[in-house]
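K.L.:
I have a structure here, written as structure tokens, and I will follow up with some questions on it.
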Amino acid sequence: MGRCCTPCGFQYQSMDFGDHRRKPNVVGKFTVAAALTVMCIVVLKQSPGFSSTSVFSRHEIGVTHVLVTGGAGYIGSHATLRLLRDNYRVTIVDNLSRGNMGAVRVLQWLFPEPGRLQFIYADLGDAKVVNKIFSENAFDAVMHFAAVAYVGESTMEPLRYYHNITSNTLTVLEAMAAHNVKTLIYSSTCATYGEPDTMPITEATPQNPINPYGKAKKMAEDIILDFSRRSEMAVMILRYFNVIGSDPEGRLGEAPRPELREHGRISGACFDAALGIIPGLKVRGTDYPTADGTCIRDYIDVTDLVDAHVKALDKAQPGKVGIYNVGTGHGRSVKEFVEACKKATGANIKVDFLARRPGDYAEVYSDPSKIHDELNWTARHTDLRESLSTAWKWQKTHPSGYGST
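Numbering that gives the first Met the number 0 numbers the first residue of the sequence shown as 0 and each following residue consecutively.
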């Protein structure tokens, strides 16, 4: 708090109100005291150290304040890094069930200036807490990443997925409506399409999800779209494909909890095998109707992915809805991926071929022409080995995730 330029404390002496000759002097003392008090308040309010409210709680011209749900997670933390680099004000809300406080600390270290970044530990499943967060912060937009996101896990714990994805998205939407926040960038997935009859997938491809993860995401999309028809909300729904890579400067990476490794991305499993954390890599499914029998996926670098989110935020318009596939437009098989990972790590990774994983599908890759035409976005990091090499550098220096930072 700023220091006052005049004395703000007063010691009142005893006064004899029965002595009428001293009354004018008493009145004068009170007048001086009141004047000095007012001056102190004015000086304190004008001083740099005084703020009756946080800068996060008020809108500022030229500053866009973005709420990033799940901002301590893999994709959310990379998106936060990009937003901060582009001079947005960011509030992360995360319950750390899947995210990493280590990622938040890295971001705080990179952007220590007041008014740039704040972290709020909270669960989006608590509607009262979410409403309180919105009431105490002046958000201009929401990037909603927070979600459990493993296909295999969703088949074993479907109710958890419907609650965490669908119900929590409804809670966020209700808070946005109540507090007049009119821009939403929603993190969705190609899993909403299921297993289409033809490739590549366009935004017009019918959505027929075949696992609880995809179904929960589609339900959330439907809620968003229904609400948007009755409001002036600016909505961007990004359906992205298989995310790989990490921050090119090595500041952030992917660090799933040990108990979730078996459900995680294939890149994480490859790196664990290369580091000797697990004895080898398990490839599930070799009898799919593809060229080499393994699944085909469209692998998108996380740097490109967050670039798509920022472009979507920049192009979002009141009363308009944009739905976009975010992918490279090229499918690569699991066997191809494993070979690229071996080259990126230099490790002779042992591979075990197992039965199919429940809820998986044979082939999925995107047609990203719509996002290119409307948002001027194109995937730039399309070399599989290069993206894996970048991620591998972070993994080598962080064998225990952010705990080894």
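C-beta: ideal position from N, C-alpha, C; glycine also.
Could you tell me the distance, in whole angstroms, from the CA atom of Ile184 to the CA atom of Glu220?
P.N.:
Counting from one through the sequence shown, the residue named residue 184 turns up at place 185. Counting from one through the sequence shown, the residue named residue 220 turns up at place 221. One C-alpha to the other measures close to 11 Å.
K.L.:
What first and last residue would you give for the alpha helix (DSSP H) that runs through Val337?
P.N.:
Reading the sequence shown from its first residue, position 338 is the one you call residue 337. Here the alpha helix (DSSP H) through Val337 covers 333-344.
K.L.:
First and last residue of the beta strand (DSSP E) that includes Tyr298?
P.N.:
For the purposes of this step, residue 298 is identified with residue 299 of the sequence shown, where counting begins at 1. Its beta strand (DSSP E) spans residues 298-300.
K.L.:
Do Tyr287 and Ala361 have their C-beta atoms closer together than 8 Å?
P.N.:
Here the question's residue 287 lines up with position 288 in the sequence shown. Here the question's residue 361 lines up with position 362 in the sequence shown. The answer is yes: Cβ separation under 8 Å.
K.L.:
Can you check whether the CB of Tyr323 is closer than 8 Å to the CB of Pro199?
P.N.:
If you number the sequence shown from 1, residue 199 lands on position 200. If you number the sequence shown from 1, residue 323 lands on position 324. Result no, Cβ atoms of Pro199 and Tyr323 do not sit closer than 8 Å.
K.L.:
Take the Cβ of Lys422 as the centre, count every other Cβ of all protein chains shown within 10 Å, and call the residue buried at 16 or more, exposed below.
P.N.:
Nothing in the structure corresponds to residue 422, since the chain is present only between 0 and 404.
K.L.:
Buried or exposed: which applies to Glu231, given that a residue is buried once 16 or more other Cβ atoms fall within 10 Å of its Cβ?
P.N.:
Taking the sequence shown and counting its residues from 1, one reaches residue 231 at position 232. Flag for Glu231 reads exposed.
K.L.:
In the DSSP assignment, the alpha helix (DSSP H) including Ser230 goes from what residue to what residue?
P.N.:
Translated into the one-based positions of the sequence shown, residue 230 becomes position 231. Here Ser230 belongs to no alpha helix (DSSP H), and DSSP marks it neither H nor E.
K.L.:
Helix, strand or coil for Met198? Go by DSSP, reduced to three states.
P.N.:
Sequence index remark: in the sequence shown, residue 198 carries index 199 (1-based). Note: Met198 maps to coil in three-state DSSP.
K.L.:
Taking a contact to mean a Cβ-Cβ separation below 8 Å, would you say Asp313 touches His380 in this structure?
P.N.:
Against the sequence shown, residue 313 aligns to sequence position 314. Against the sequence shown, residue 380 aligns to sequence position 381. Not a contact, by the Cβ cut-off of 8 Å.
K.L.:
Are the segment 71-86 and the segment 240-249 in contact at 8 Å, needing three or more beta carbon pairs?
P.N.:
yes
K.L.:
With H, G and I counted as helix, E and B as strand and the rest as coil, what does DSSP make of Gly321?
P.N.:
Here residue 321 refers to the residue found at position 322 of the sequence shown. In the structure shown, Gly321 sits in a strand (DSSP, three-state: E or B).
K.L.:
To which residues of the same chain is Arg115 closer than 8 Å at the C-beta, ignoring the five residues directly before and after it?
P.N.:
For the purposes of this step, residue 115 is identified with residue 116 of the sequence shown, where counting begins at 1. Cβ neighbours of Arg115 beyond the five flanking positions: Leu83, Arg88, Val89.
K.L.:
Just to confirm my understanding: we take Thr191, look at its own chain, exclude 5 residues before and 5 after, and list those with CB closer than 7 Å. What are they?
P.N.:
As a working note, residue 191 is residue 192 in the sequence shown. Closer than 7 Å at Cβ, skipping near neighbours: Gln206, Pro208, Gly213, Lys216, Lys217, Glu220, Arg238.
K.L.:
Helix, strand or coil for His371 per DSSP?
P.N.:
For the purposes of this step, residue 371 is taken as the residue at position 372 of the sequence shown. His371: helix per DSSP, three-state reduction.
K.L.:
Does the separation of the CB atoms of Gly328 and Asp372 fall below 8 Å?
P.N.:
Sequence index remark: in the sequence shown, residue 328 carries index 329 (1-based). Sequence index remark: in the sequence shown, residue 372 carries index 373 (1-based). Against a cut-off of 8 Å, the Cβ pair of Asp372 and Gly328 comes out as no contact.
K.L.:
Taking the continuous alpha helix (DSSP H) assigned at Phe352, which residues delimit it?
P.N.:
In the sequence shown, counting from the first residue as 1, residue 352 sits at position 353. Here Phe352 belongs to no alpha helix (DSSP H); instead the beta strand (DSSP E) covers 350-353.
K.L.:
So what's Thr52 in DSSP terms, helix, strand or just coil?
P.N.:
As a first step, residue 52 is located in the sequence shown; it is residue number 53 there, counting from the start. The three-state reading of DSSP puts Thr52 in coil, since its state is none of H, G, I, E or B.
K.L.:
His58 to Ile132, Cα distance in whole Å?
P.N.:
As a working mapping, residue 58 is identified with position 59 in the sequence shown. As a working mapping, residue 132 is identified with position 133 in the sequence shown. Computed Cα separation, rounded: 15 Å.
K.L.:
Could you tell me the boundaries of the beta strand (DSSP E) in which Asp271 lies?
P.N.:
Locating residue 271 in the sequence shown gives position 272, counting from the first residue. Counting along the chain, Asp271 falls outside any beta strand (DSSP E), though it belongs to the alpha helix (DSSP H) covering 265-274.
K.L.:
Counting pairs of Cβ atoms below 8 Å between the segment 169-185 and the segment 94-114, do you hit three or more?
P.N.:
no
K.L.:
Whether or not the segment 247-260 and the segment 336-343 are in contact is what I'm after, with contact meaning three or more pairs of Cβ atoms, one per stretch, closer than 8 Å; do they touch?
P.N.:
no
K.L.:
So Ile164 is in the alpha helix (DSSP H); what residue range does that whole segment cover?
P.N.:
Taking the sequence shown and counting its residues from 1, the one referred to as residue 164 is at position 165. Note, Ile164: premise wrong, no alpha helix (DSSP H); not H, not E.
K.L.:
Taking Cβ positions, are Trp376 and Ala315 nearer each other than 8 Å?
P.N.:
For the purposes of this step, residue 376 is taken as the residue at position 377 of the sequence shown. For the purposes of this step, residue 315 is taken as the residue at position 316 of the sequence shown. Cβ distance not < 8 Å, so Trp376 and Ala315 don't count as in contact.
K.L.:
With DSSP collapsed to three states, give me the class of Gly400.
P.N.:
In the sequence shown, counting from the first residue as 1, residue 400 sits at position 401. It is helical.
K.L.:
Could you check whether Lys181 and Ala233 sit closer than 8 Å to each other, using their CB atoms as the reference points?
P.N.:
Reading the sequence shown from its first residue, position 234 is the one you call residue 233. Reading the sequence shown from its first residue, position 182 is the one you call residue 181. Yes, these two residues count as a Cβ contact at 8 Å.
K.L.:
Using only alpha-carbon positions, find the residue among Thr344, Leu66, Ala378 that is nearest to Ala137.
P.N.:
As a position in the sequence shown, residue 137 is number 138, starting the count at 1. Looking at the Cα atoms, Leu66 is the closest of the given residues.
K.L.:
Can you tell me which of Pro357, Gly326, Ser56, Asp122 puts its alpha carbon nearest to the alpha carbon of Glu156?
P.N.:
On the sequence shown, residue 156 is found 157 positions in, with the first residue counted as 1. When only C-alpha atoms are compared, the closest one is Pro357.
K.L.:
Could you tell me the alpha carbon to alpha carbon distance between Asp297 and Met235, rounded to whole angstroms?
P.N.:
Position 298 of the sequence shown, counted from the start, is the residue given in the question as residue 297. Position 236 of the sequence shown, counted from the start, is the residue given in the question as residue 235. Spanning the two alpha carbons is a distance of roughly 21 Å.
K.L.:
Buried or exposed for Val26, please, with buried defined as at least 16 other CB atoms from any protein chain shown within 10 angstroms of its CB.
P.N.:
Residue 26 sits at position 27 when you count from the first residue of the sequence shown. With a pLDDT of 49 at Val26, under the threshold of 50, the predicted position of this residue should be treated as unreliable, and no value is reported.
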